[in-house]
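> Mind having a look at this structure? Questions to follow.
Residue numbers (the working numbering): 462 to 524.
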């Protein structure tokens, strides 16, 4: 069972797509880096994982 899992996670702000159909599994005890250019959706992804935002579609689970 993964420690962090997202399935088809998407977030839209009107016509702007911040995150599109993101599915990942991060096993417990692994080191994970989230890299990307400005505006790539890194902060949005973290906010969705933390429950600070609701996704447009998909699920985010932290065990």
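From the three backbone atoms N, C-alpha and C, an ideal C-beta is built for every residue, glycine too.
Which word fits residue 495, buried or exposed, when buried means at least 16 other C-beta atoms lie within 10 angstroms of its C-beta?
Exposed is the call here.
> Which partner residues does residue 468 have in the DSSP bridge list?
BP columns for residue 468 point to 520.
> Leaving out five residues on either side along the sequence, give the residues of the same chain with a beta carbon under 7 Å from the beta carbon of residue 517.
The residues are 471, 472 and 473.
> Does the distance from the C-beta atom of residue 505 to that of residue 468 stay below 7 Å?
Taking 7 Å as the Cβ cut-off, residue 505 and residue 468 do not qualify as a contacting pair.
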